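Residue numbers (my numbering): 3 to 252. Following: one structure in structure tokens, then a few remarks.
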């Protein structure tokens with residue numbers, strides 16, 4: 003894992019200006035958004051800071067985390083990220099390397115590293131918004147991208163809330179809850195129903211039902227493991243939405 007962190011650091015040093023990023027497609031940029039969010043989700047799920055955790059996290063989550071890092075590296079290579087994006091990405095990798103060096107008995111040390119990881123992800127998103135290249139996309143692809151981000155982020159926010167000890171990341175929706183985000187997701191499904199071809203109507207409904215199945219775990223504060231149970235469903239929905247967006251832009 004340290005090799006991957008060094009890789010991202012090298013990108014940060016060698017790519018102050020990136021022609022590849024400037025010419026990248028909206029869907030390539032969407033993949034960077036999706037994979038960094040899924041990486042943070044995997045990290046919060048596996049490195050469980052919740053003292054109420056009944057059982058250790060499944061080792062398959064660690065495998066998923068490694069696979070997400072691999073995909074993220076592929077995206078970074080393809081896009082030749084500018085330093086403003088490569089640096090926070092390297093910061094996420096460094097936090098994961100340190101987390102990987104801790105035993106479960108050292109779980110009390112997880113929180114500061116997870117906070118740093120989430121801070122770097124937030125910085126990466128801000129920089130992406132600043133450096134967004136504005137490639138033209140269809141109305142359908144734009145709606146699919148928005149829905150993908152909404153759904154991945156509601157799980158990330160739910161996990162951070164349930165982790166309790168992640169400072170502002172845990173407190174962000176402590177008072178207001180996630181009902182506004184949930185409402186936006188339902189509206190997003192309504193919009194996609196109008197925009198997607200009828201041949202995709204059954205699959206869209208399947209994704210909507212999968213979301214509704216796990217939404218109680220997202221909206222109701224509980225243990226981190228309860229929210230984490232939604233991960234495989236949310237990952238499947240996000241993957242489907244991103245695939246549909248790629249098709250819509252070709």
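For glycine and all other residues, C-beta sits at the position ideal for the given N, C-alpha and C. None of the values given here were measured: they were computed from a predicted structure.
CA-to-CA distance, residue j to residue i, given in whole angstroms
{"i": "residue 43", "j": "residue 147", "result": "18 Å"}
{"i": "residue 123", "j": "residue 204", "result": "34 Å"}
{"i": "residue 165", "j": "residue 207", "result": "31 Å"}
{"i": "residue 214", "j": "residue 67", "result": "25 Å"}
{"i": "residue 156", "j": "residue 174", "result": "12 Å"}
{"i": "residue 90", "j": "residue 126", "result": "6 Å"}
{"i": "residue 199", "j": "residue 187", "result": "19 Å"}
{"i": "residue 171", "j": "residue 108", "result": "21 Å"}
{"i": "residue 41", "j": "residue 201", "result": "32 Å"}
{"i": "residue 46", "j": "residue 192", "result": "30 Å"}
{"i": "residue 197", "j": "residue 81", "result": "29 Å"}
{"i": "residue 33", "j": "residue 228", "result": "27 Å"}
{"i": "residue 73", "j": "residue 37", "result": "7 Å"}
{"i": "residue 94", "j": "residue 169", "result": "17 Å"}
{"i": "residue 118", "j": "residue 210", "result": "33 Å"}
{"i": "residue 61", "j": "residue 230", "result": "13 Å"}
Secondary structure of residue i, DSSP reduced to three states
{"i": "residue 218", "result": "helix"}
{"i": "residue 90", "result": "helix"}
{"i": "residue 241", "result": "helix"}
{"i": "residue 169", "result": "coil"}
{"i": "residue 27", "result": "coil"}
{"i": "residue 114", "result": "helix"}
{"i": "residue 232", "result": "coil"}
{"i": "residue 180", "result": "coil"}
{"i": "residue 143", "result": "helix"}
{"i": "residue 251", "result": "coil"}
{"i": "residue 51", "result": "coil"}
{"i": "residue 83", "result": "coil"}
{"i": "residue 131", "result": "helix"}
{"i": "residue 213", "result": "helix"}
{"i": "residue 96", "result": "helix"}
{"i": "residue 124", "result": "helix"}
{"i": "residue 105", "result": "coil"}
Own chain, CB closer than 8 Å to residue i, minus 5 neighbours either side, in chain order
{"i": "residue 251", "result": "27, 28, 29, 139, 140 and 143"}
{"i": "residue 132", "result": "86"}
Own chain residues within Cβ distance below 6 Å of residue i, not counting five before or after
{"i": "residue 246", "result": "146"}
{"i": "residue 64", "result": "48"}
{"i": "residue 51", "result": "112, 113, 165 and 167"}
{"i": "residue 149", "result": "190 and 243"}
{"i": "residue 101", "result": "49 and 115"}
7 Å CB neighbourhood of residue i in its chain, flanking five on each side removed
{"i": "residue 212", "result": "235, 238 and 239"}
Rounded Cβ spacing between residue i and residue j (contact assumed at less than 8 Å)
{"i": "residue 152", "j": "residue 183", "result": "6 Å"}
{"i": "residue 87", "j": "residue 129", "result": "5 Å"}
{"i": "residue 23", "j": "residue 83", "result": "6 Å"}
Check: Is the segment 106-117 close to the segment 72-89, with three or more CB pairs under 8 Å?
Finding: no
Next item on the list: Mind the definition here: the segment 164-180 touches the segment 237-245 only if three or more C-beta pairs lie below 8 Å; say whether that holds.
Entry: no
Item checked: At least 3 beta-carbon pairs within less than 8 Å: the segment 218-229 vs the segment 146-163 -> yes
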